[in-house]
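Residue numbers (the numbering used here), protein chains in the order written: chain A, 234 to 492; chain B, 6 to 274.
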């Protein structure tokens, strides 16, 4: 019990280091966090939404703006958590050597990497909070659903943060992060149900897409925020990604650093 | 009195992509007493930094044991590292923060109260002549100042053992003097130091004992004076420092090093 408390305390100390950096650039962090979802809301919601007033999604008729804005919740988790984990993690590991500096104090490397993932997830959850707030204000989301969704938002963000840290652990140079970014992250953003229901895809492609992590995250967000049915296959797939990649990313980064 | 550091039969091998593992540290043993400065001298790739990484617990040893103030580094790393301060060979400063903020943050990893960390931090910043830079980001400092600050940070939490991996690289003579004074003060207060350096005068001036390490093995370990007397003798040496210009000087650790390893520091003869 005492060991667990010590571990949590160490993780919190490192998490606070990240928070302090964020707090130093608070205005920038808040402005960019709120501007991005507002742009999506206007471009896709009011712009594209005026051309496609409603659509059918898993047997439910939804306003397109609400549909896409709930999808943006998943996209926000994906982009903020992945980029923090991948680019931020690589910079802290390779250029700043923050991990190496902290891991020779009483804080262990495992704790440092847990703090990295938890901070990346915290940062992404803050971004999701901005989307939820705007979506609730314009009346697209149920407020109770948005509040209930926050813990799920954090877990979803942990999934993408761990993918980012895993990529950082494998990249030889910062440019190499571009490969998974363009070959995995952006295709997910386009095809995993953020902009259109994946039922519109050919059956085989749709099945593969259901197994990708963003699909389950978007499905879960819509079920909480818009009361739509749950596709358990895609949700289960996302849970598997989370359970596998959090420990995998930590062990991969340890393997990279510890010789 | 408890040993500040006790290394027994340390072996560290690196897995190679092809072929057998490379043995970087090959069954070395040494201990450091409290209030003692122990130097590791050797060429690049001799195993000095690997030994230091093992002592911090960052690299796991293949075999052997390492204890800091009686705490086993692999079994009880948190407790062992509570007694440890580290100045890496590479820069590991946290450039997102000012100097004083970095000290506060670093001390937090040791569970130091904020007030205590700040009080000790200001004291050290003054002694290391960095007080007027306290609110600057470390990236705005000169290379020598950053190096001094990294040593300062290692001493912040009043550790029993400090690892200094080439601490004076890039320092001007005045800054080196400041650093040497601080190292001597730390020693006189009972602190132990594991020092790696390529500067022989630094080792000779600071170290109570020196281990000459080559190809992962300790070749010899004694006080600098004993090493010089044993391998070279005490008679002055005549050396041609450039064509046609000879100089007579006292024997030093570099002479010992050359004799013991057949190498110059930094490369083969």
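In this text, a Cβ means the ideal position worked out from N, Cα and C, and glycines have one as well. Just so we're clear, the structure is a prediction, and the values are computed from it rather than from any experiment.
Beta carbon proximity, residue i to chain A, threshold 7 angstroms
i, result
"residue 273(B)", "At residue 273(B), the pLDDT of 41 sits below 50, so the modelled position is not reliable and the matter cannot be decided from this model."
"residue 174(B)", "no"
"residue 148(B)", "no"
"residue 43(B)", "no"
"residue 87(B)", "yes"
"residue 112(B)", "no"
"residue 202(B)", "no"
"residue 63(B)", "yes"
"residue 35(B)", "no"
"residue 19(B)", "yes"
"residue 115(B)", "yes"
"residue 270(B)", "With a pLDDT of only 47 at residue 270(B), under the threshold of 50, the placement of this residue in the model should not be trusted; the figure read from the coordinates follows. No, residue 270(B) does not count as interfacial toward chain A."
DSSP beta-bridge partners of residue i
i, result
"residue 236(A)", "Residue 236(A) pairs with nothing; no bridge assigned."
"residue 43(B)", "199(B), 214(B)"
"residue 204(B)", "Note: residue 204(B) sits in no beta bridge, so no partner."
"residue 170(B)", "201(B)"
"residue 35(B)", "12(B)"
"residue 289(A)", "294(A)"
"residue 77(B)", "72(B)"
"residue 250(B)", "247(B)"
"residue 227(B)", "215(B)"
"residue 282(B)", "It is not possible to answer for residue 282(B), since the shown part of chain B is limited to 6 through 274."
Proximal chain A residues relative to residue i, where beta-carbon distance stays under 7 angstroms
i, result
"residue 82(B)", "341"
Beta-carbon neighbours of residue i, restricted to chain A and to distances below 8 angstroms
i, result
"residue 99(B)", "250, 329, 331, 334"
Rounded distance between the beta-carbons of residue j and residue i, thought under 8 angstroms
i, j, result
"residue 211(B)", "residue 242(B)", "Going by Cβ atoms, the distance from residue 211(B) to residue 242(B) rounds to 22 angstroms, so no, they are not a contact pair."
"residue 311(A)", "residue 466(A)", "About 19 angstroms separates the two Cβ atoms, so there is no contact after all."
"residue 156(B)", "residue 169(B)", "6 angstroms"
"residue 153(B)", "residue 184(B)", "6 angstroms"
"residue 202(B)", "residue 44(B)", "7 angstroms"
"residue 390(A)", "residue 314(A)", "4 angstroms"
"residue 387(A)", "residue 354(A)", "6 angstroms"
"residue 63(B)", "residue 336(A)", "6 angstroms"
Listed by chain order, chain A residues near residue i by CB distance under 9 angstroms
i, result
"residue 93(B)", "330, 333, 334, 337"
Within chain B, partners of residue i - CB distance below 9 angstroms
i, result
"residue 460(A)", "Those within 9 angstroms of residue 460(A) in chain B number zero; the least Cβ separation is about 42 angstroms."
Below-7 angstroms beta-carbon distance, residue i vs any chain B residue
i, result
"residue 254(A)", "yes"
"residue 455(A)", "no"
"residue 356(A)", "no"
"residue 246(A)", "yes"
"residue 487(A)", "no"
"residue 492(A)", "yes"
Where residue i meets chain B, residues with beta-carbon distance less than 7 angstroms
i, result
"residue 239(A)", "83"
"residue 405(A)", "Ordered by position in chain B, no residue passes the 7 angstroms Cβ test against residue 405(A), which lies about 14 angstroms from the chain."
"residue 293(A)", "Residues of chain B passing the Cβ test: none, with the nearest at roughly 46 angstroms."
Inter-stretch contact at 8 angstroms, needing at least 3 Cβ pairs: the stretch 393-408 of chain A / the stretch 347-356 of chain A: As far as the Cβ criterion goes, the stretch 393-408 of chain A touches the stretch 347-356 of chain A, which means the pair count is three or higher.
Answer yes if the stretch 6-20 of chain B comes into contact with the stretch 33-50 of chain B, meaning at least three C-beta pairs across the two stretches below 8 angstroms, and no otherwise. In this structure the stretch 33-50 of chain B touches the stretch 6-20 of chain B; the number of beta carbon pairs closer than 8 angstroms is three or more.
Would you call the stretch 129-147 of chain B and the stretch 279-288 of chain A touching, i.e. three or more CB-CB distances under 8 angstroms? Per the Cβ contact rule, the stretch 129-147 of chain B is not in contact with the stretch 279-288 of chain A (fewer than 3 Cβ pairs under 8 angstroms).
Count the CB pairs spanning the stretch 8-27 of chain B and the stretch 171-184 of chain B that are closer than 8 angstroms, and state whether there are at least three. No: the two stretches stay apart, fewer than three of their Cβ pairs being nearer than 8 angstroms.
Whether or not the stretch 337-348 of chain A and the stretch 240-259 of chain A are in contact is what I'm after, with contact meaning three or more pairs of Cβ atoms, one per stretch, closer than 8 angstroms; do they touch? They touch, by the three-pair rule.
How about the stretch 324-332 of chain A and the stretch 80-100 of chain B: do they share at least three Cβ pairs that are nearer than 8 angstroms? Result yes; three or more Cβ-Cβ pairs closer than 8 angstroms.
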